[in-house]
Amino acid sequence: MRMKLRMFVYGALLATAGCALSPPPAPLPPALPTAPAPAAPAKIAADDVPVLQRINERAAYMQAVTALAAAHSEDVLIKGVAAQLTTDYGKHHDAAQKIAATANLTFSETLYPSEQAHLRQLGRLYGKPFDRAFLYDLSTVSRFEDKAEFSALQKNGSTADIKKLAEEALHLQDRCVEDSKGLMKRQQ
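Quick look at the structure:
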């Protein structure tokens with residue numbers, strides 16, 4: 020019994036000593052900072068929307084036209100130029116879609132019936148006839164009214180992203196015309 024009493028006393032002393040030796044409770048962590056308010060959609064001027072849509076449609080159409088060259092052209096140089104343009108117009112189309120999405124806009128992904136008919140007609144051609152039609156398409160991609168609207172949007176666009184997109188659209192159009200002229204001279 021004495022042994023039990025001794026164990027009980029030692030246990031009580033150890034328990035009391037243990038409580039006194041334990042560190043005080045840690046202070047509460049500071050409150051988390053509040054999250055910033057979600058960003059408001061980009062303010063795009065109403066005049067910019069139709070031009071942005073035209074840029075998107077033009078990029079989708081040109082991406083489809085240049086993608087045909089991989090299977091329909093026999094000229095390695097035309098295939099190379101077309102592959103680069105397909106990539107560039109794909110990036111351009113994605114950039115237009117991204118700008119539209121930030122402004123809560125959605126653009127149709129379907130081509131106009133006239134463009135679909137032209138793609139079907141172009142898709143029936145192979146070799147030199149395809150190359151001639153393809154190079155003609157590249158040389159006529161730069162429409163005067165589109166170029167004027169894209170230039171105005173580049174100067175007076177409502178956001179920096181839209182101005183940059185318009186600048187890229189003009190650059191792609193100019194590059195298509197230059198490439199087609201150079202390739203047409205080579206074909207003669």
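Numbering (our numbering) for the sequence shown: 20 to 207.
Don't be surprised by glycine CBs; every beta carbon is placed ideally from N, CA and C.
Between the CA atoms of residue 100 and residue 118 - distance to the nearest angstrom: Mapped onto the sequence shown, residue 118 falls at position 99. Mapped onto the sequence shown, residue 100 falls at position 81. Cα to Cα, residue 118 sits roughly 27 Å from residue 100.
What ranges does the alpha helix (DSSP H) occupy inside the region 51-125, keeping only unbroken runs of at least 4 residues that lie completely in it? 67-91 and 95-121
CA-to-CA distance, residue 132 to residue 168, given in whole angstroms: The residue labelled residue 168 in the question sits at position 149 within the sequence shown. The residue labelled residue 132 in the question sits at position 113 within the sequence shown. Cα to Cα, residue 168 sits roughly 23 Å from residue 132.
Which value, in whole angstroms, describes the spacing of the CA atoms of residue 185 and residue 173? Taking the sequence shown and counting its residues from 1, one reaches residue 185 at position 166. Taking the sequence shown and counting its residues from 1, one reaches residue 173 at position 154. Straight-line Cα distance between these residues: approximately 5 Å.
Going by the CB atoms, is the gap between residue 51 and residue 104 shorter than 9 Å? For the purposes of this step, residue 104 is taken as the residue at position 85 of the sequence shown. For the purposes of this step, residue 51 is taken as the residue at position 32 of the sequence shown. Going by C-beta atoms, residue 104 is not nearer than 9 Å to residue 51.
Between residue 179 and chain C, is there a C-beta pair that is closer than 9 Å? Absent here is chain C; the protein component of the structure consists of one chain.
With respect to the alpha helix (DSSP H) encompassing residue 196, which residues constitute its N-terminal and C-terminal limits? Walking along the sequence shown from the start, residue 196 turns up at place 177. Per DSSP, residue 196 belongs to the alpha helix (DSSP H) from 179-206.
Local conformation of residue 148 per DSSP, three classes: Counting from one through the sequence shown, the residue named residue 148 turns up at place 129. If DSSP states are grouped into helix, strand and coil, residue 148 belongs with the helices.
Based on Cα-Cα distance, which residue from 202, 89, 189 and 93 lies nearest to residue 102? Along the sequence shown, one-based indexing puts residue 102 at 83. Ranking 202, 89, 189 and 93 by Cα distance to residue 102 puts 89 first.
If I follow the unbroken alpha helix (DSSP H) through residue 44, where does it start and stop? Residue mapping note: residue 44 aligns to position 25 of the sequence shown, counting from 1. Here residue 44 belongs to no alpha helix (DSSP H), and DSSP marks it neither H nor E.
Going by other Cβ atoms of all chains shown within 10 Å of its Cβ, with 16 needed for buried, is residue 127 buried or exposed? Along the sequence shown, one-based indexing puts residue 127 at 108. Residue 127 should be labelled exposed.
Based on Cα-Cα distance, which residue from 203, 30, 93 and 98 lies nearest to residue 146? Along the sequence shown, read from residue 1 onward, the residue named residue 146 stands at position 127. Comparing Cα-Cα distances from residue 146 to each of 203, 30, 93 and 98, the minimum goes to 93.
Coarse secondary structure for residue 162, derived from DSSP in three states: The residue labelled residue 162 in the question sits at position 143 within the sequence shown. If DSSP states are grouped into helix, strand and coil, residue 162 belongs with coil.
Are residue 224 and residue 114 closer than 9 Å when you measure CB to CB? With the chain covering only 20 through 207, there is no way to say anything about residue 224.
Can you give me the start and stop residues for the alpha helix (DSSP H) that residue 139 sits inside? As a first step, residue 139 is located in the sequence shown; it is residue number 120 there, counting from the start. Taken as a continuous stretch (DSSP letters only), the alpha helix (DSSP H) holding residue 139 covers 132-142.
Can you look up residue 127 in the DSSP assignment and give me helix, strand or coil? Residue mapping note: residue 127 aligns to position 108 of the sequence shown, counting from 1. If DSSP states are grouped into helix, strand and coil, residue 127 belongs with coil.
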